[in-house]
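Our numbering numbers the first residue of the sequence shown as 1 and each following residue consecutively. Glycine included, every Cβ here is placed at the ideal spot set by N, Cα and C. Report on the following structure.
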Amino acid sequence: MPELPEVETTKTSLLPLIDQKVLRVEVHQPSLRWPIPENIEKLVGQKLLKLTRRSKYILAEFEHDSMLWHLGMSGSFRLCDADTELRKHDHLIIQFEDVELRYHDPRRFGCILWLDPNSQSKLIDTLGPEPLSEAFNAEYLAEKFKKKNVGAKVAIMDNHIVVGVGNIYATESLFNLGIHPAQPASSLTRLQIEKLVIEVKRILKQAIDLGGSTLRDYSNAMGENGYFQQTLLAYGRAGEMCVNCETTLENLKLGQRASVFCPQCQPLKKVKITTKTPSKGNKA
Numbered sequence: 001m002p003e004l005p006e007v008e009t010t011k012t013s014l015l016p017l018i019d020q021k022v023l024r025v026e027v028h029q030p031s032l033r034w035p036i037p038e039n040i041e042k043l044v045g046q047k048l049l050k051l052t053r054r055s056k057y058i059l060a061e062f063e064h065d066s067m068l069w070h071l072g073m074s075g076s077f078r079l080c081d082a083d084t085e086l087r088k089h090d091h092l093i094i095q096f097e098d099v100e101l102r103y104h105d106p107r108r109f110g111c112i113l114w115l116d117p118n119s120q121s122k123l124i125d126t127l128g129p130e131p132l133s134e135a136f137n138a139e140y141l142a143e144k145f146k147k148k149n150v151g152a153k154v155a156i157m158d159n160h161i162v163v164g165v166g167n168i169y170a171t172e173s174l175f176n177l178g179i180h181p182a183q184p185a186s187s188l189t190r191l192q193i194e195k196l197v198i199e200v201k202r203i204l205k206q207a208i209d210l211g212g213s214t215l216r217d218y219s220n221a222m223g224e225n226g227y228f229q230q231t232l233l234a235y236g237r238a239g240e241m242c243v244n245c246e247t248t249l250e251n252l253k254l255g256q257r258a259s260v261f262c263p264q265c266q267p268l269k270k271v272k273i274t275t276k277t278p279s280k281g282n283k284a
């Protein structure tokens with residue numbers, strides 16, 4: 001699944017479309033996660049004014065309408081000439097003045113929806129802060145983790161806490177800090193939380209600089225692959241040796257996702273559970 005760095009890279013590669021007018025819209029397969037709007041042809045004649053990213057969503061602002069685009073599990077955008085051969089899973093074509101924008105999605109879990117700029121979308125109004133923003137800091141995360149007894153990896157991937165920290169980047173961040181993915185978030189020290197915020201920001205910035213991760217078929221709208229996967233130390237390496245201690249990396253499932261870790265470098269620390277004894281005055 002494209003994660004924050006891949007979506008940011010995709011958005012950046014679409015910037016040449018800014019100030020171009022839509023000449024034609026052609027829908028080949030409307031059945032995505034939600035149906036492509038039947039009136040999407042309203043875009044014809046409108047210029048694209050702005051492209052932004054919120055979490056893993058691309059927000060496209062046209063002259064009179066706005067849209068929300070999500071790549072889902074296997075979606076991608078591609079800029080190409082009008083005479084480029086259509087691929088099997090090219091579901092949507094938006095013809096601009098200089099180039100065609102095609103949405104390709106074999107598994108069809110992505111979405112192309114209208115967005116009302118005057119009201120929040122249900123898809124984004126409960127999201128946490130952006131991980132690269134000043135709002136995502138140690139004080140904020142310590143407060144959010146205070147009562148979170150789920151594993152640190154599940155917690156840092158919770159979009160209600162912070163958006164866009166997907167499996168790849170959570171795995172790498174925790175490995176680099178020596179934090180076990182199942183370590184209860186509430187048990188992390190303030191120093192660990194401070195380091196986690198710094199490391200998440202560093203990893204995501206590095207991934208964006210390298211164009212994201214191409215693990216299967218991801219590429220940006222120019223057809224260019226990402227290279228962050230060449231730096232992976234833990235993700236996808238279960239059964240291989242740890243680069244730090246040569247212990248065999250192990251795999252466990254947390255929150256329905258595979259979590260690779262080093263049992264030597266990322267030990268699961270015991271957490272003392274305290275129970276309150278009722279006072280005499282409170283006895284039944």
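Close-in-space but distant-in-sequence residues of the same chain around residue i (CB under 6 angstroms, 5 per side omitted)
i: residue 23; result: 95
i: residue 193; result: 138, 141 and 142
i: residue 84; result: none
i: residue 71; result: 2 and 110
Cut-off 8 angstroms between Cβ atoms - residues of its own chain near residue i, not counting five sequence neighbours on either side
i: residue 124; result: 54, 55, 57 and 68
i: residue 47; result: 19, 20, 21, 22, 62 and 63
i: residue 16; result: 79, 98 and 99
i: residue 51; result: 11, 14, 15, 17, 18, 58, 59, 60 and 61
i: residue 160; result: 126, 127 and 128
Where residue i falls, given that 16 or more other Cβ within 10 Å makes a residue buried
i: residue 105; result: buried
i: residue 190; result: exposed
i: residue 285; result: With the chain covering only 1 through 284, there is no way to say anything about residue 285.
i: residue 241; result: exposed
i: residue 8; result: buried
i: residue 171; result: buried
i: residue 87; result: exposed
i: residue 202; result: exposed
i: residue 102; result: buried
Presumed contact (8 angstroms Cβ cut-off) between residue i and residue j, rounded CB distance
i: residue 136; j: residue 162; result: 5 angstroms
i: residue 243; j: residue 200; result: Incorrect: roughly 20 angstroms between the Cβ atoms, too far for contact.
i: residue 156; j: residue 204; result: With 8 angstroms as the limit, residue 156 and residue 204 do not qualify as a contact, their Cβ atoms being about 12 angstroms apart.
i: residue 262; j: residue 252; result: Between residue 252 and residue 262 the Cβ distance is about 12 angstroms, and since that is not below 8 angstroms, they are no contact.
i: residue 36; j: residue 27; result: 5 angstroms
Residue-chain proximity (residue i, chain B), Cβ-Cβ < 9 angstroms
i: residue 5; result: Going by chain labels, chain B is absent from the structure shown, which holds only one protein chain.
Contacting residues, own chain, Cβ-Cβ under 7 angstroms from residue i (five flanking each side not counted)
i: residue 271; result: 184 and 187
i: residue 168; result: 3, 213 and 235
i: residue 152; result: 174, 179, 181, 183, 185 and 188
Below 8 angstroms, how does it come out for the region 129–148 and the region 85–93: are there three or more Cβ pairs, yes or no?
Not touching, per the Cβ criterion.
Entirely enclosed alpha helix (DSSP H) segments - the region 143–190, minimum 4 residues:
Taken in chain order, the complete alpha helix (DSSP H) segments of 4 residues or longer contained in the region 143–190 are 152–156 and 167–177.
Counting pairs of beta carbons, one from the region 163–181 and one from the region 255–271, are three or more of them closer than 8 angstroms?
Yes, the region 163–181 touches the region 255–271.
Secondary structure, beta strand (DSSP E): runs of 3+ residues fully inside the region 68–122
Runs found: 76–80, 90–96, 100–104 and 111–115.
Closer than 8 angstroms is the cut-off here; do at least three beta carbon pairs connect the region 108–117 with the region 24–40?
They touch, by the three-pair rule.
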